[in-house]
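Visitor: Below: one structure in structure tokens.
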Amino acid sequence: MSVHIRVRNAETGSTVDMELEGENTVHEIIEGAAGYWEKDPGAYVIRRGKRLLKGQNTVLESGIAEADELELLPDPEGG
Amino acid sequence: MATSLLIGAQDADRFERSRRVNWIDMEAVQRKKCLVVGAGALGNEVVKDLVLSGFRRITVVDMDHVVRSNLNRCLFFRESDVAGGASKASTVAERAKELYPEVEILAIEARIEDLAEGEFRAHDLVFGCLDNIAARMHLNAHSYLCGIPYIDGGTSSSSGKVQVVLPPDTPCLQCATNRTHSRVLEKRYSCSGSEVSYFEPKLAAEITTTSIIAAIQVREGLKIVSGLRNECLKHIMFYNGLKNTSEVLEVPLDEDCPVHPR
Chain W
1 MSVHIRVRNA
11 ETGSTVDMEL
21 EGENTVHEII
31 EGAAGYWEKD
41 PGAYVIRRGK
51 RLLKGQNTVL
61 ESGIAEADEL
71 ELLPDPEGG
Chain R
1 MATSLLIGAQ
11 DADRFERSRR
21 VNWIDMEAVQ
31 RKKCLVVGAG
41 ALGNEVVKDL
51 VLSGFRRITV
61 VDMDHVVRSN
71 LNRCLFFRES
81 DVAGGASKAS
91 TVAERAKELY
101 PEVEILAIEA
111 RIEDLAEGEF
121 RAHDLVFGCL
131 DNIAARMHLN
141 AHSYLCGIPY
151 IDGGTSSSSG
161 KVQVVLPPDT
171 PCLQCATNRT
181 HSRVLEKRYS
191 CSGSEVSYFE
201 PKLAAEITTT
211 SIIAAIQVRE
221 GLKIVSGLRN
231 ECLKHIMFYN
241 GLKNTSEVLE
251 VPLDEDCPVH
261 PR
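In order, the protein sequence lines correspond to chains W and R. Counted from 1, the first sequence has number 72 at position 72 by this note's numbering; the numbering is strictly sequential. Counted from 1, the second sequence has number 219 at position 219 by this note's numbering; the numbering is strictly sequential.
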């Protein structure tokens, strides 16, 4: 069964809607969103509420539900 | 015999005002040994804050040399260091000693990967002030396996993050990685036959974000040595410098993380 979510770009505030299957992974969501916004090649993480999601988990394992809003954040690498 | 009050004596003590902060254990601060890895922008600020906070035993590690583009955010570097191709680690050590002559500060000009395990074990706190994921993961794993608290900082333009790893209680840096981190590593290191080339992109950086992230790293270090581990960040604090907001996001402990002993 499909789940419809919205992903927000933490840097710009813009959003993209996604339709996911239960077996899709968080990796795929991150890479899909980063690709959609043509982000610089870098490290990104994604949050659901106050929690970062594990990349290898599926939509089902992550507890992602219909109409959820996730947020894509850059993982700052510089020092 | 009557006690005589010496007017002005309080101001003769360098750390008199620090001692008034009731949660800081100054005796512990002066005794504990810090390893600062990376002597770039974050490393400069972290060492400055450590020294001004009263830490007296510090090791700074960096393999690199000072270049002009460091001068927009590195307190300890000068134009003359650029011309002379000065070592970042040695320059930070030398200038930090000017701030506080009693500090014992050792500079090691090397890659973190070349540091012996004994070097890690000789320290009580590790500060990550690095500019790449590979070195961060190396430092994270070694600190974790040696049981030493690791305080990692990172910046990018006006964003930053701080993660405190308190082995064995908290998730580590590796727990928070995903495939985008692996792709960065793949992109940076490309192998062709016996050759390995390294690509290092230039990242946007400015001093105000660096100062804030470094200050939080040192604040966390002060809490740890003062016995306030429970008050420390246990997950990742993200800082948004454009909005001046910060938020702590929970990192689930990864059962499959290779760093955690099972």
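Virtual Cβ for every residue (Gly too), placed ideally from N, Cα, C. All of these numbers come straight from a predicted model, not from anything done at the bench.
In this structure, what does DSSP give as the bridge partners for R:Glu104?
Guide: According to DSSP, which records beta bridges pairwise, R:Glu104 is partnered with R:Arg57.
Visitor: Quick one: which chain W residues come within Cβ less than 8 Å of R:Pro252?
Guide: The answer, in chain order, is Arg51, Leu52 and Lys54.
Visitor: Do R:Pro171 and R:Pro252 count as a contact pair if the criterion is CB distance below 8 Å?
Guide: yes
Visitor: So what does DSSP say about R:Ser4, is it helix, strand or coil?
Guide: coil
Visitor: Under three-state DSSP, which class holds R:Ala205?
Guide: strand
Visitor: Check whether chain R comes within 8 Å of W:Val26, counting only Cβ atoms and requiring the distance to be less than that.
Guide: yes
Visitor: Where W:Val59 and W:Leu72 are concerned, what is the direct C-alpha to C-alpha distance, given to the nearest angstrom?
Guide: Going by the C-alpha atoms only, they are around 15 Å apart.
Visitor: Does any CB atom of chain W fall closer than 8 Å to the CB of R:Cys129?
Guide: yes
Visitor: For a contact defined as C-beta to C-beta under 7 Å, what are the partners of W:Leu73 on chain R?
Guide: Phe238
Visitor: So, for R:His142: in the same chain, excluding its five sequence neighbours on each side, which residues have a beta-carbon less than 6 Å away from its beta-carbon?
Guide: Phe120
Visitor: Round the Cβ separation of R:Leu203 and W:Gly78 to the nearest angstrom and send it over; I've been treating them as touching at under 8 Å.
Guide: In this structure R:Leu203 is in contact with W:Gly78, their Cβ atoms being roughly 4 Å apart against a cut-off of 8 Å.
Visitor: Quick check on the DSSP output: what are the complete beta strand (DSSP E) runs of length 3 or more inside the stretch 70-153 of chain R, in order along the chain?
Guide: 104-108 and 125-128
Visitor: Give every residue of the same chain whose Cβ lies closer than 7 Å to the Cβ of R:Thr210, excluding the five residues on either side of it in the sequence, and list them in chain order.
Guide: Ala41, Leu42, Glu45, Arg73 and Thr155
Visitor: CB-CB under 6 Å to R:Leu75, same chain, minus the five flanking residues each way: which ones, in chain order?
Guide: Asn44 and Lys48
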